[in-house]
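Please read the structure below before turning to the comments.
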Amino acid sequence: MRSVAGTGPRFQGFPVLREEETTVSGVRVLVGTRKGAFVLSSDGTRRDWDISGPHFPGWEIYHLKGSAADPDRLYASQSGGWFGQLIQRSDDGGGTWNAVGNEFAYEGDAGTHQYFDGTAVPWKFTRVWHLEPSLHDPDTIYAGVEDAALFRSVDGGGSWQELPGLRGHGTGPSWQPGAGGMCLHSILLDPRDEAHMTIAISAAGTFRTDDGGKTWRAINRGLRSEGIPDQDAEVGHCVHHIAAHATRPDTLFMQKHWDVMRSDDGGEQWREISGDLPTDFGFVIDVHAHEPDTVYVVPITSDYLHVPLDGKLRVYRSRTGGDEWEPLTRGLPQEHCYVNVLRDAMAVDSLDECGIYFGTTGGQVYVSPDGGDTWAPIVRDLPAVLSVEVQTLS
Amino acid sequence: MTTHSVRVVLPAHLRVLGRVDGEVVLAVDGPVTQRSVLDALELRHPVLRGTIREHGTLRRRAFVRFFACERDLSHEPPDDPLPDAVASGAEPLLVVGAMAGG
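Respectively, the protein sequence lines represent chains A and B. Counted from 1, the first sequence has number 326 at position 326 by my numbering; the numbering is strictly sequential. Counting the second sequence from 1 gives a position; my numbering is that position plus 394.
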């Protein structure tokens, strides 16, 4: 794989498929970085890539995501320490962008949660970590924020309302931040009924609603975390990411601080599936687009050393839904590699031969067009990658 | 009520965001204060709401500074008059991103 900026079809701003290309499958990879957004486009072969960006240069782009209901509708979370949070929206596949609503006000008395030192501090909005568009309505989108809360917009991002039942969960005052902040980073919408949602917070755990966000339950039974006094407490677990396959929404996969976990009953009970992984610390986890029992993780050395084990960048794949894992190394650096892969920085496409993508804090974005068997960098020298999403276009 | 023509210089990020080139010139009615200037700025460029002042409280964001006439006005009360030279348009109000790394 190679970057081909300067050759092949070029587009202004974000790439937009030309008319004659609209019948050809392709992919659009949305990359959020510490210093802007990048869009990587290719046809179905995923061999040659067009790279555009940086968009919003100089800003932290924690996440971008396209609507499944309208692939031309994209949303981006743009933030920075100086000037705060913005949400950008594109209605033309990224050709143009407009800032929409950026007011994220907690409902009612914000209350307090625990700080790192165990003291109570007021809830304070910092940034949007994750944007999750509705599967059916391009104007409806959910935002997971720091300090942990869930917001929803039903007007294309123009205005945001908190779903306060989550933060108002009785355990809320005991939630505490992980090292990255007290972030709501994962939002899974049940394709059978979006009133069913599962979210995850670092470091509180996983929560589920079955009534569109009015009420929530902690679903952390089976998790054990050495970093909290009661290792199997109802909440307090540092969940790094969760994923599910669209055809099996009750089967959830989790990369916890330590431990890779699985639930087959919508989170009612979890079991560890770390199996023969060389280390079960990590951030990302994702599921093959066509094989619900094929799961990917990137093991990271430990909680105090956020680099690949032994300097070898290895994706691990389980074809058995966990427990048995194989290292995937072809095309990935197997010496002197000391990057991290952050929690939202892995994605899969849904082409016939499923493509797997991930980005690193060293600025590389890798693709495997064959389900993980072989890998190649799409681009090597971006700013630190915060998130990777992919749209499969036809 | 007197209308003042006030010049505001924005940092690069906010110029891009507000799609403005160079200085912004605002018509400010009544006393020229941080609040009245920023109110006029946000009215002209709604996209800047929340970027200089926090939503709700309208407090200056921590890493934003206000300079004018070679003085740091960041910690002045928002309803205090800005220097006459700013009110007259002789000098701009500078909105600055604090030197805090980057």
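Note that beta-carbon positions come from the ideal geometry of N, C-alpha and C, so glycine has one too. Just so you know, these numbers come straight off a predicted model, no measurement behind them.
Span of the beta strand (DSSP E) holding residue i?
i, result
"B:G421", "In the sequence under discussion, the amino acid at residue 421 of chain B is Ala, which differs from the Gly named in the question. Element bounds for B:A421: V418 to D423."
"A:A68", "Taken as a continuous stretch (DSSP letters only), A:A68 belongs to no beta strand (DSSP E), as it is neither H nor E."
"A:T392", "V385 to L393"
"B:T397", "T397 to V403"
"A:E326", "E326 to L328"
"A:G205", "G205 to T209"
"A:E146", "I141 to E146"
"A:Y400", "Summary: the structure shown does not reach residue 400 of chain A, with chain A confined to residues 1 through 394, and so no result is reported for it."
"A:A120", "A120 to P122"
"A:G36", "G36 to D43"
"A:Y75", "L74 to G80"
"A:I273", "Run containing A:I273: none; DSSP gives neither H nor E here."
"B:F461", "V458 to A462"
"A:A244", "V239 to H245"
"A:E132", "R127 to P133"
Got a sec? Which residues, its chain only, sit under 6 Å from residue i by beta carbon, not counting five neighbours each side?
i, result
"A:L40", "V29, W49, I51 and I378"
"A:D140", "The sequence as given places Thr at residue 140 of chain A; Asp does not occur at that position. Here the set comprises S134 and V154."
"A:V307", "T301 and Y338"
"A:E21", "With a pLDDT of only 40 at A:E21, under the threshold of 50, the placement of this residue in the model should not be trusted; the figure read from the coordinates follows. Correct list: empty, nothing qualifies."
"A:G331", "T374, W375 and A376"
"B:A456", "none"
"A:A68", "L135"
"A:F56", "G36, A37 and Q78"
"A:T361", "V339, N340 and A384"
Our contact map puts residue i next to residue j with C-beta atoms below 8 Å; I'd like the distance itself, whole angstroms only.
i, j, result
"A:T112", "A:P173", "6 Å"
"A:P229", "A:P191", "So it is not a contact: roughly 38 Å between Cβ atoms."
"B:V431", "B:V441", "Not a contact, Cβ separation roughly 17 Å."
"B:V426", "B:A481", "4 Å"
"A:D349", "A:V315", "Actually they do not touch by this definition, with Cβ atoms about 15 Å apart."
What are the boundary residues of the alpha helix (DSSP H) that residue i is part of?
i, result
"B:A406", "A406 to G412"
"A:P164", "P164 to R167"
"B:Q428", "Q428 to R438"
"B:A507", "A query on residue 507 of chain B cannot be resolved here, the shown segment of chain B reaching from 395 to 496 and no further."
Measure the alpha-carbon distance for residue i versus residue j and round it to whole angstroms.
i, j, result
"A:C238", "A:P327", "25 Å"
"A:A384", "A:R34", "6 Å"
"A:L342", "B:R459", "33 Å"
"A:G266", "A:G44", "33 Å"
"A:W270", "A:G236", "15 Å"
"B:G444", "A:A203", "27 Å"
"B:P486", "A:K124", "33 Å"
"A:L163", "A:F151", "6 Å"
"A:T23", "A:L393", "Unreliable positioning characterises A:T23 in this predicted model, as indicated by a pLDDT of 47, which lies under 50. A coordinate reading is not provided."
"A:T251", "A:K65", "23 Å"
"A:S387", "B:A484", "46 Å"
"A:Y75", "A:M346", "18 Å"
"A:T119", "A:S186", "26 Å"
"B:D466", "B:M493", "13 Å"
Run through chain E and tell me which residues come within less than 8 Å of residue i, C-beta to C-beta.
i, result
"B:H398", "The structure shown has no chain E; the protein chains it does contain are A and B."
If I measure Cβ to Cβ from residue i and keep anything under 7 Å in the same chain, skipping five residues before and after, which residues do I get?
i, result
"A:T126", "E146, D147 and G181"
"A:G371", "H288, E353, C354 and I356"
"A:S274", "D259, V260 and D280"
"A:A149", "Y106, E162, L166, R167 and L184"
"A:G322", "V260, R262, I273, G275 and V295"
Looking only at its own chain, which residues have a Cβ that is under 8 Å from the Cβ of residue i, when we skip the five neighbours before and after it?
i, result
"A:F116", "Q176 and P177"
"B:T396", "D423 and G424"
Inset, instruction - Give a yes or no on contact between the segment 75–83 of chain A and the segment 55–62 of chain A, applying the rule of three or more CB pairs nearer than 8 Å. - result: yes
Inset, instruction - Could you say if the segment 359–367 of chain A and the segment 439–454 of chain B meet the contact criterion of at least three C-beta pairs nearer than 8 Å? - result: no
Inset, instruction - Count the CB pairs spanning the segment 254–265 of chain A and the segment 277–297 of chain A that are closer than 8 Å, and state whether there are at least three. - result: yes
Legend entry - At least three beta-carbon pairs within less than 8 Å, the segment 457–474 of chain B to the segment 87–107 of chain A: no
Inset, instruction - Give a yes or no on contact between the segment 85–94 of chain A and the segment 430–437 of chain B, applying the rule of three or more CB pairs nearer than 8 Å. - result: no
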